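J.: Numbering (this note's numbering), first residue to last: 1133 to 2298.
Even for Gly, the Cβ is constructed at its ideal location relative to N, Cα and C.
Computed from a prediction, not measured in an experiment: that's the story for all the values here.
Here you go, one structure.
What follows is the structure, given as structure tokens:
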């Protein structure tokens, strides 16, 4: 029988407390920590890939992704903190390197960063070392370390300069430092005085500029490590001061004075258009670069949660991390409540709303410990309850959050009805039975069970069990009556489970007891008590014959008939919960360290299990789905994890049960009626809008027709004016042409004469110059012969002088050698005498030195004593001086602050006085305007009466004019048809013009590319010429060493290394040629596609015009029909009014008749 294992399939949740816990792998995939795993989530395909953490680690501390988005660095704490570099392109996230701090023992790495070329990695250790470690990570080599801060000033972020591998930035509480790696060490290159400022984040904007965010909501700009200015967050336009000293003082004073209510900037991120930063809770501001400053452009906010009663809960989330996709299309954020949001940056331009809103990246997650977990039979649903006051319903097949509701208090337990239509939720005051509606979870029955930590429906769904302390209450689902109360536990009940036939119930508690109850009689059928163990989980075996339990004694026990049959011993980690597969082949247990263990069933005697990395906190609940396909685990870390149950060959387990999932949902009658009413209202509104749009379109068509007519008249006038201009210009041109021909003929005659004169003069000059040249040549030959004769005479005299000098110097040399020998003998004699004198002098001096030493040692001792007393006195005086100096500085600072406050208040008073005067002026102006309006209203009423009189006269005249204009209407129709034809011709001309413009633009683009290529070639030629000039100068320099072979060889080698290209250069040039060819091919292909798309566009435009004309005709007919119907409706209404008036008159007459008849009757009686 093949062993059964669990394969991680999907996880709902985010691990908070991890630095930089969200990053993009590609355009659709994000990487984030969840449980004890790193998850690669593809938002388009809704799939996840898991990279498990180390077994012995104490949790993740930080993440960092490389610039090429291939490598992920994961920092894990423990006895010796490590950084694991993973290859994300590998399917399982293969480990490349595990980096440590070398010999020093480090507890944790709080933050990390990759270099721009992904070769280097920087890591910042935590308390108490605060060391910055610089690795060449592929070779596992520590290049440099430096202490960056101390325990009083923690570091929050480190980063590399994106333009320089060797420069990095460190920021934190009172820390902002730039380091540079050179000569095998990290050296600080900036010394900013920012001790009073708490930096929470920073980002590089350029090679020299860094923008940092503080806990008081300030954005500070650093240039080359020096604080230059501040970006104003209050208004959209960013105002910056140039005076650096004033700005520095202002920044520091503001940071001291700001209160705790100021918005914190916890995350900042740069991109091509500017940068984005968080501002307080739930808001991200987009800043756009504007020359050398930045302008606040738009704000993006976390939306309100529709399922919570607290307004500020969703908006009050702090933003931990921001990241942007490689193509800068999507901005994603993670919050301190474990939620992931995203926003499409491409919609910023199109969306005109004032406040933009984020959307959930996947679903809403739990933010605190999950306390309850339950599944149902008829639907693929799983319910969870949490200490974050929420109950959530998930679909484990579609991996979607189906329903979600937040309450005023914490939810301790949850149980789904087998039908999936009802849910039990345990709160601190009551146990509530709720309906699962289409879009809500609504309470319809409450039970007085306080602090219910465990509850469960029976498999038939007709009963449910609820725990209250050490008592188990069993209720009927149909009558809601308390059927049984199971009492027997002395401690709190920690686990309950029904048998498959609902006849038995098993429970375990903190008192070390496991009881099996009969649910019909309420009696105990079996029990097992072990007081040394507090049980935390219990379950029936698949055949319900034995009971499995786990507790604090670190073992898994199998109990049958009040006896422990088997025990599986454990290691140091305790089991917290368990689940038995329905096939009976495997038992899954959850541990306090967050791992899941798969143990064979029947249970083995030794420690045999398969362990899987799951959560980063103790597993609170686990359950197996009824089709035996999935294992679901929930933990204190707030994550819900789905596992696929398979054998070791990768096949899913076969289930004996055939389960059909239903799709029915509950809807209340009021909700359904409300929705239908909304649909009807929306339909009516749609019809009204449709009518209004038609009317607006008709008005626009009329306006456009009028404008077209005006334009056509205007253009015809312009064409005629241009024709007349063209004719006048033609006549002018012909006139100028004739004048030009005459002048050119005169000029040619003149030039021919001048040319002949010049030829004669230059021929004479040439003959004279030739004769002079011959005379000079003869003189040159004569001088050359004289010079040769003189050279021979000088050479002969030089040889004779050299021979005479050699003879003279040889005689002098012999005399000098004799003198040298005599002097050496004299010198040796003098050396012997000198040594004797030196020996005697040394002995005398030693005696004198000894006496002097004793004398001065005594003096030194006395001087030291006096010096120590004086030092003590001077130290006291300096302390007093520094104390007084500090007090003076504090008083000066207080005086400056008070002066600034006074100036601010004076300015405020002046502005308020000016506002009061403006308001008084406005009030007087409003009174005058109201009087004028009354006068105009009375005059308009008088005019209205006069106009009504005129209207009657004009109506009569209008009728007569209509009779006269009927014969002219036919002519107007004929002219309209002609105008329509002309308009069609105009449209055709416009299309041809547009096509010609496109061809012109294409030709211009080609011309520009050709010009660029020509400029490149010219630049290459210039570079080669400069190269050649340098080579010539170097060769000239080399020729000067022709007599010195070593220097000649070195200079030749230097020239060779400098000017002879290597093999890699050749390959590079060939690669450049291939790239150029590929670019040309790509450009030709794109030009062809553009031309084909243009033809398609033209065809589609023609079809669209035809359809538009057809629709317009139909609209006109419909509007006429509507107008006719309106007229008929008006007539019918007038008829109805007349009938009503007749009916009222008839009723009045009927009432008067009985009164008249009663009068005569009374007279008869009398």
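For residue 2233, count neighbouring Cβ atoms within 10 angstroms of its own Cβ and tell me buried if that reaches 16, exposed if not.
T.: Exposed.
J.: In whole angstroms, what separates the C-alpha of residue 1367 from that of residue 1330?
T.: Reliability fails at residue 1367, whose pLDDT of 48 lies under 50, so the model's placement of it is uncertain and the value that follows must be treated cautiously. When rounded, the distance between both Cα atoms is 23 Å.
J.: List, from N- to C-terminal side, the alpha helix (DSSP H) runs of 4 residues or more that fit wholly inside the stretch 1937 to 2013.
T.: Correct list: empty.
J.: When the distance is taken between beta carbons, is residue 1554 closer than 8 Å to residue 1566?
T.: It is a contact, given that the beta carbons lie within the stated cut-off.
J.: So, for residue 1143: in the same chain, excluding its five sequence neighbours on each side, which residues have a beta-carbon less than 8 Å away from its beta-carbon?
T.: Cβ neighbours of residue 1143 beyond the five flanking positions: 1166, 1167, 1169, 1171, 1180, 1182, 1771, 1772, 1773 and 1774.
J.: Alpha carbon to alpha carbon, how far is residue 1281 from residue 1462?
T.: Cα-Cα distance, rounded: 35 Å.
J.: Locate the beta strand (DSSP E) running through residue 1525, then write down its first and last residues.
T.: Per DSSP, residue 1525 belongs to the beta strand (DSSP E) from 1522 to 1527.
J.: Residue 1165 lies in the beta strand (DSSP E); which residues open and close that run?
T.: Segment 1161 to 1166, the beta strand (DSSP E) holding residue 1165.
J.: Distance, Cα to Cα, residue 2161 vs residue 2187?
T.: Distance between the alpha carbons of residue 2161 and residue 2187 is about 13 Å.
J.: Which residue from 1799, 1139, 1198 and 2114 puts its Cα closest to that of residue 1155?
T.: Ranking the options by Cα distance to residue 1155, first place goes to 1198.
J.: Buried or exposed: where does residue 1858 fall if 16 or more other Cβ atoms within 10 Å of its Cβ makes it buried?
T.: The residue in question, residue 1858, is exposed, as its Cβ has fewer than 16 Cβ neighbours within 10 Å.
J.: Go ahead and label residue 1746 buried or exposed: buried means 16 or more other beta carbons lie within 10 angstroms of its beta carbon, across all protein chains shown.
T.: With 16 or more other Cβ atoms within 10 Å, it is buried.
J.: Taking all protein chains shown into account, do 16 or more other C-beta atoms lie within 10 angstroms of the C-beta of residue 2013, making it buried, or fewer, making it exposed?
T.: Result: exposed.
J.: Should residue 2150 be labelled buried (16 or more other beta-carbon atoms within 10 Å of its own) or exposed?
T.: When all chains shown are included, residue 2150 counts as exposed.
J.: Quick check: what's the CA-CA separation for residue 1146 versus residue 1242?
T.: About 18 Å.
J.: Please go through the same chain and pick out, in chain order, the residues whose beta-carbon is closer than 8 Å to the beta-carbon of residue 1279, but skip the five residues on each side of it.
T.: These residues qualify, in order along the chain: 1261, 1262, 1263 and 1264.
J.: Under a three-way DSSP split, which group does residue 1830 fall into?
T.: Correct three-state label for residue 1830: helix.
J.: According to DSSP, is residue 1881 part of a helix, a strand, or is it coil?
T.: Residue 1881: helix per DSSP, three-state reduction.
J.: Please list the terminal residues of the continuous beta strand (DSSP E) segment that includes residue 2179.
T.: Element bounds for residue 2179: not the beta strand (DSSP E) but the alpha helix (DSSP H), 2177 to 2191.
J.: Helix, strand or coil, according to DSSP, for residue 2275 in the structure here?
T.: Helix, per DSSP.
J.: Could you check the C-alpha separation between residue 1862 and residue 2239 for me, to the nearest Å?
T.: Cα-Cα distance, rounded: 47 Å.
J.: Beta strand (DSSP E) containing residue 1214: first to last residue?
T.: That run of the beta strand (DSSP E) goes 1214 to 1219.
J.: Indicate the three-state DSSP secondary structure (helix, strand or coil) for residue 1140 in the structure shown.
T.: Strand.
J.: Put residue 1600 into one of helix, strand or coil per three-state DSSP.
T.: Residue 1600: strand per DSSP, three-state reduction.
J.: Look at the alpha carbon of residue 1808 and the alpha carbon of residue 1428, and state the distance between them as a whole number of angstroms.
T.: For residue 1808 and residue 1428, the distance between alpha carbons rounds to 44 Å.
J.: Between 1508, 1259 and 1229, which lies nearest to residue 1219 when the distance is taken from Cα to Cα?
T.: Checking every option, the nearest Cα to that of residue 1219 belongs to 1229.
J.: Can you tell me whether DSSP reads residue 1358 as helix, strand or coil?
T.: The answer is strand: DSSP assigns residue 1358 an E or B state.
J.: On a Cα-Cα basis, can you pick out the residue from 1619, 1597 and 1601 that is closest to residue 1612?
T.: Nearest of 1619, 1597 and 1601 to residue 1612, Cα basis: 1597.
J.: When the distance is taken between beta carbons, is residue 1622 closer than 8 Å to residue 1602?
T.: Yes, these two residues count as a Cβ contact at 8 Å.
J.: So, is residue 1738 buried or exposed, given that buried needs 16 or more other C-beta atoms within 10 angstroms?
T.: When all chains shown are included, residue 1738 counts as exposed.
J.: What residue does the beta strand (DSSP E) around residue 1467 start on, and which one ends it?
T.: It spans 1462 to 1467 - the beta strand (DSSP E) in which residue 1467 sits, taken as one unbroken run.
J.: Exposed or buried, which one is residue 1161 when buried takes at least 16 other CB atoms within 10 Å?
T.: Buried: at least 16 other Cβ atoms inside 10 Å.
J.: Checking 8 Å against the spacing of the C-beta atoms, do residue 1432 and residue 1492 come in under that value?
T.: Not a contact, by the Cβ cut-off of 8 Å.
J.: Check residue 1840 in the structure and name its three-state DSSP category.
T.: Here residue 1840 sits in helix by DSSP.
J.: Using the three-state DSSP reduction, which class does residue 2198 fall into: helix, strand or coil?
T.: Only weak support exists for where residue 2198 lies, its pLDDT of 44 falling under 50; the value from the coordinates is given anyway. Residue 2198 falls in the helix class under three-state DSSP.
J.: Using 8 Å as the threshold, is the C-beta distance between residue 1173 and residue 1494 below it?
T.: Result yes, Cβ atoms of residue 1173 and residue 1494 sit closer than 8 Å.
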